[in-house]
Amino acid sequence: MSACTVRLYQREDVEAIHAAASSRSPRSILDELVPCALHARRARQWVLLQIELARQRKAFEFVIVGDGGRLLAAAGINQIHPMHRYANLGYWVRTSATGHGVAPAAVRAVAAYAFRETDLIRLEIVVAVGNTRSQRVAEKVGAVREGVLRSRVLLPTGPVDAVMYSLVRPA
Ligand SMILES: CC(C)(COP(=O)(O)OP(=O)(O)OC[C@H]1O[C@@H](n2cnc3c(N)ncnc32)[C@H](O)[C@@H]1OP(=O)(O)O)[C@@H](O)C(=O)NCCC(=O)NCCS
Numbered sequence: 087m088s089a090c091t092v093r094l095y096q097r098e099d100v101e102a103i104h105a106a107a108s109s110r111s112p113r114s115i116l117d118e119l120v121p122c123a124l125h126a127r128r129a130r131q132w133v134l135l136q137i138e139l140a141r142q143r144k145a146f147e148f149v150i151v152g153d154g155g156r157l158l159a160a161a162g163i164n165q166i167h168p169m170h171r172y173a174n175l176g177y178w179v180r181t182s183a184t185g186h187g188v189a190p191a192a193v194r195a196v197a198a199y200a201f202r203e204t205d206l207i208r209l210e211i212v213v214a215v216g217n218t219r220s221q222r223v224a225e226k227v228g229a230v231r232e233g234v235l236r237s238r239v240l241l242p243t244g245p246v247d248a249v250m251y252s253l254v255r256p257a
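Here's what the structure looks like:
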């Protein structure tokens, strides 16, 4: 994959995040991951919310920007559990940028940020059983497959089982 920048959301990202998210099917899991895909107004709300959550250290959402300044993907840490110090790590890539290792690069960068800038111990990657592409991403970054959780992800078609992967703070 060519060089890219992984950085926290900025106010200027609204249009680009809307365009990138809209490249994905709106009836997919992306509804869950990226509620800004459908409406520009929601994209603005989403970006402003992520900036505020990062300020409060309640979530850390990043954009991945390619060489030419094009927004390729997004990834982040959310659902932070302050007592047990674990969180969810999520990611998606604009359709035209898939297949070039963008997601693994993003996940590595976001995980490194989490273990450097927060006291999180564990990052969870929860992938619907049918989402083999995302499972490949988890495997490529060295996340450990821990098992299958029943009815763990709610898709538009209903609940599905999900594979739980984790990355833990390096010793
Ligand atoms: C899953 C996703 C993040 C993968 O991102 P990516 O940057 O394409 O990741 P990679 O380039 O490492 O590709 C991962 C695997 O997907 C498959 N893949 C990627 N692009 C593909 C394409 N255009 N055609 C067929 N298979 C493809 C390959 O199996 C690849 O594994 P390999 O490199 O070992 O062959 C991306 O497809 C996406 O955004 N999907 C929708 C959102 C989502 O599912 N997010 C994760 C929720 S848990």
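Residue 87 is where the sequence shown starts when you use my numbering, and the numbers rise one by one after that.
Don't be surprised by glycine CBs; every beta carbon is placed ideally from N, CA and C.
Three-way DSSP call (helix, strand, coil) for residue i in this model
{"i": "Arg171", "result": "coil"}
{"i": "Ser109", "result": "coil"}
{"i": "Pro242", "result": "coil"}
{"i": "Ala160", "result": "strand"}
{"i": "Val215", "result": "coil"}
{"i": "Arg231", "result": "strand"}
{"i": "Asp153", "result": "coil"}
Whole-angstrom distance between residue j and residue i, CA atom to CA atom
{"i": "Arg156", "j": "Arg93", "result": "13 Å"}
{"i": "Lys226", "j": "Val254", "result": "15 Å"}
{"i": "Glu232", "j": "Pro245", "result": "20 Å"}
{"i": "Val239", "j": "Asp247", "result": "6 Å"}
{"i": "Arg194", "j": "Ala224", "result": "10 Å"}
{"i": "Ala200", "j": "Gln142", "result": "15 Å"}
{"i": "Ile150", "j": "Leu134", "result": "17 Å"}
When the options are compared against residue i, the one with the closest alpha-carbon
{"i": "Ser182", "options": "Tyr199, Val246 and Ala107", "result": "Ala107"}
{"i": "Gly176", "options": "Thr204, Pro168, Gln221 and Arg97", "result": "Gln221"}
{"i": "Glu210", "options": "Leu158, Gln131, Gly162 and Pro245", "result": "Gly162"}
{"i": "Met250", "options": "Leu241, Arg208 and Pro256", "result": "Arg208"}
{"i": "Ala173", "options": "Ala192, Ala105, Leu241 and Val212", "result": "Val212"}
Start-to-end residues for the alpha helix (DSSP H) that takes in residue i
{"i": "Ile207", "result": "Premise fails: Ile207 is in no alpha helix (DSSP H) and is neither H nor E."}
{"i": "Thr218", "result": "Thr218 to Lys226"}
{"i": "Glu138", "result": "Ala126 to Arg141"}
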